[in-house]
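Some notes on the structure that comes next.
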Amino acid sequence: MGSYTVWSCLKHIPQRLAGVAMVAPVVNFRWPSIPKSLMPKDYRREVAKWSVWIANYFPGLLQWLVTQNMFSTTSMLEKNPVYFNDQDIEVLKHIKGFPMLTKEKLRERGVFGTLRSDFLVAFGDWDFDPADLPDPSLSGPEKGSSSVHIWQGYEDKVMPFQLQRCLCRKLPWIRYHEVPKGGHLIVHYDGICDAILKSLLLGEDLPMYKPKAVITEPA
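Going by this note's numbering, the residue at position 42 of the sequence shown is 42; the numbering climbs one at a time, nothing skipped.
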């Protein structure tokens, strides 16, 4: 889910990483580095908060809730403009979507348990804040420029770009790339995987993915 495990690798084994690229990584609202000014209007914070509580204390109730007909089917979810922009919805017409999120799959104990554990780790309490991490390129024997990348869609409705920008301002050694009209599914867009690999392996960064200097963002 959302590349969050990479942060733990950057903290505990940075010397073993030649480079990493995260695509629309999860941002945990509990990280102290995320200013409250970015949160009040973001419904995701409350959804994540209550979902973590229910998943932790009443997993059976959560499983029952997400498999009821009152909730959207995956086909409805995949067409929902609340979560996906126009390019995402177009992509979803040509890929398999989210087969693990069907009601049939979620009724399976193994599938639900895996997703629940993943969710609890991603949005639970962490013992560190990624914003405090040092530049991993300084921890190895061969010191050089960092090869840690974050790729983000400017129109991502699942993980807003403002949160990624906030984190990357605190970690200037991260090479941040922003797809101008990209949503949450940028990894499926034509040319994006090639751009990610060229940037990670060859150091070739295309100007079109340089973040726009727009929007007044909280410090």
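Quick reminder that beta carbons are idealized off the backbone N, C-alpha and C, glycines included. Please read all numbers here as calculations on a predicted model, not as lab measurements.
| message | Report the CB separation of H188 from A21 in whole angstroms; it is logged as a contact under 8 Å. | response | 15 Å between Cβ atoms; not a contact.
Taking P14 as the reference, which of G110, S147 and D129 has the closest Cα? S147
Using the Cα positions of E104 and K96, report the straight-line distance between them to the nearest angstrom. 15 Å
Straight-line CA distance for L201 to S137?
15 Å
message: Going residue by residue through the stretch 147–192, where are the continuous alpha helix (DSSP H) segments of at least 4 residues, counting only ones entirely within it?
response: Qualifying alpha helix (DSSP H) stretches, in chain order: 161–170.
| said: Applying the 10 Å Cβ sphere with the 16-neighbour rule, what's the burial state of S37? | reply: exposed
Item checked: For A21, the first and last residue of its enclosing beta strand (DSSP E) -> Unbroken beta strand (DSSP E) run through A21: V20 to V23.
### Query
In terms of residue numbering, what span does the alpha helix (DSSP H) encompassing I220 cover?
Because the chain in this structure spans residues 1 to 219, residue 220 falls outside the shown range and cannot be described.
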